[in-house]
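Residue numbers -23 to -1, 1 to 373, in mature numbering (1 follows the signal peptide of the UniProt record, and there is no 0), belong to the letters of the sequence shown in order. Glycine included, each C-beta is placed from N, C-alpha and C at the ideal position. Contents: one structure, followed by commentary.
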Amino acid sequence: MRNKNIFSTISTVLALAALLLLAACGSGGTTSASSSTATPTLSTTQTPATAETPVANSTLTTTLPSSVKGPLTAIRMLTTQQGWAMTANAILKTTDGGRHWTNVTPSNAPGYQAARGTFIDNLYVWVVSAQETQNKITIQHTTDGGQTWSSITLDVQDPASVDMLHFSGNEGWFEAITSPGAGSQGAYIFRTTDAGQTWKLISQAGRNGLPLGGFKSGLSFKDASTVYATIRSTTGQPTDPGLYVSRDGGFTWQEQQLTPPVDLTVQQIGTTPPIFFGSTGLLPVYVTTPDGHAHLVLYHSNDGGSSWFPTLPIETSADSTYIADTSHAWVSDWQSGKLFYTTDGGKSWQTALVRPGKLKEMSFADANNGWAVTESQLLHTWDGGKTWGNITYTNQ
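Structure (structure tokens):
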């Protein structure tokens, strides 16, 4: 996958997914989702955010505060009006559907070139960022919509990218990922049991059943005990989907096999994190056939992930995948710029009437209203992704 910065949306945002942007180098895309994680309880020392004055209203132009540099890199819309976004140096929020943005970046911001945000609601936000040259991870948190922030740092060797934080009550996880090399990629999995006040390294690639081989694509969870880790591009056999499950909260891992997709000869296979809605799960699976063609297959589970079955394959070089619920999902093709969508959980797929281009990240507030960011644009759809309009924004 190419280097990306993402939320989750999970993220598959997650996907709760984003999600999902700013993903691991070496994997081929991100998954985001619309479900929000449970709000943990946290009490820490607060740091005021930098103050910005909102700009004048405009129905045509989205104006970013003067201190914000560069385009939007990620977006998470909670409703049709309220949402969050990030740039390489700022955390922003909107209350009017993305037409205007307020800068709520902490005064001690480390930079967000390699960062992921978990945007639980309009008050609770977590942002985790990697500082590779400093061998550090910074975790920032607000409980008041960005007026004040708490911050902690963790010592991590060579963190090139991070996955978003995932919470189940006061328990949570995230993955720090190193730069890839020779078909392998290191990863460190951290866990909290006190709502993020402290974090403990509980497993890492090359130990505890999680392999070094392949390019890591993130985590997701079903409950406090069941956690998934995925590998987007593997270096093993075509029967190795890169799907690993932990039944003890992330301490030890076992590989989980998948039924081969229908009517496809698999040469390369990989996954991004599954998304769960109760006991129903959806798992994006990426397949390359011997002729070099890329496909996406949305696998389903009706038993909490114990077993998975494939739906209809779609030929696409899928980059960004967003899952809103058990029926609605969207897939962006990074080569053609086409967008595909399903309204029946992957049993059938349609192509958007308007080709929106190469999307870095998507976020849908409901089945019809969605937003997406490209390298330079903020896009909006009102009809479930069939057509897209450009919301022009400028730095002032």
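Among the options, the one whose alpha carbon lies nearest that of residue i
i, options, result
"residue 257", "107, 283 and 268", "283"
"residue 289", "329, 124 and 238", "238"
"residue 95", "75, 132 and 60", "60"
"residue 344", "187, 219, 303 and 199", "303"
"residue 261", "293, 255, 298 and 126", "298"
"residue 167", "226, 74 and 103", "226"
"residue 127", "154, 9, 209 and 103", "103"
Proximity below 9 Å, CB of residue i to CB of residue j
i, j, result
"residue 259", "residue 272", "no"
"residue 362", "residue 311", "no"
"residue 206", "residue 196", "yes"
"residue 296", "residue 309", "yes"
"residue 242", "residue 266", "yes"
"residue 229", "residue 185", "yes"
"residue 129", "residue 115", "yes"
"residue 144", "residue 97", "yes"
"residue 147", "residue 121", "no"
"residue 71", "residue 62", "yes"
"residue 65", "residue 90", "yes"
"residue 52", "residue 350", "yes"
"residue 326", "residue 346", "no"
"residue 92", "residue 105", "yes"
"residue 141", "residue 342", "no"
"residue 86", "residue 107", "no"
"residue 274", "residue 252", "no"
"residue 163", "residue 132", "no"
Residue range of the beta strand (DSSP E) that includes residue i
i, result
"residue 45", "Taken as a continuous stretch (DSSP letters only), residue 45 belongs to no beta strand (DSSP E), as it is neither H nor E."
"residue 76", "Residue 76 -> no beta strand (DSSP E), and no H or E assigned at all."
"residue 205", "204 to 210"
"residue 132", "125 to 132"
"residue 308", "306 to 310"
"residue 52", "51 to 54"
"residue 248", "245 to 248"
"residue 284", "No beta strand (DSSP E) contains residue 284, which DSSP labels as neither H nor E."
"residue 318", "316 to 319"
"residue 93", "92 to 96"
"residue 360", "Counting along the chain, residue 360 falls outside any beta strand (DSSP E), and DSSP gives it neither H nor E."
"residue 62", "60 to 63"
"residue 143", "143 to 145"
"residue 187", "No beta strand (DSSP E) holds residue 187; DSSP gives it neither H nor E."
"residue 340", "338 to 341"
"residue 168", "164 to 169"
"residue 253", "252 to 254"
Near the ligand FMN: residue i beta-carbon under 8 Å from a heavy atom
i, result
"residue 348", "No copy of the ligand FMN occurs in the structure displayed, which carries no ligand at all."
Buried versus exposed, by CB contacts within 10 Å (16 or more), residue i
i, result
"residue 337", "buried"
"residue 353", "exposed"
"residue -3", "Caution applies to residue -3, whose pLDDT of 32 falls short of 50 and renders its modelled position unreliable; the model cannot decide the point."
"residue 330", "exposed"
"residue 324", "exposed"
"residue 180", "buried"
"residue 178", "exposed"
"residue 217", "buried"
"residue 159", "exposed"
"residue 286", "exposed"
"residue 187", "buried"
"residue 193", "buried"
"residue 100", "exposed"
"residue 88", "exposed"
"residue 50", "buried"
"residue 392", "Residue coverage of the chain in this structure runs from -23 to 373, which leaves residue 392 outside it and unanswerable."
"residue 270", "exposed"
Coarse secondary structure for residue i, derived from DSSP in three states
i, result
"residue 109", "helix"
"residue 277", "strand"
"residue 177", "strand"
"residue 239", "coil"
"residue 216", "coil"
"residue 261", "strand"
"residue 348", "strand"
"residue 221", "strand"
"residue 353", "coil"
"residue 296", "strand"
"residue 270", "coil"
"residue 157", "coil"
"residue 136", "coil"
Min CB distance residue i to chain B below 9 Å
i, result
"residue 359", "Annotation note: the requested chain B is absent from the structure, which comprises a single protein chain."
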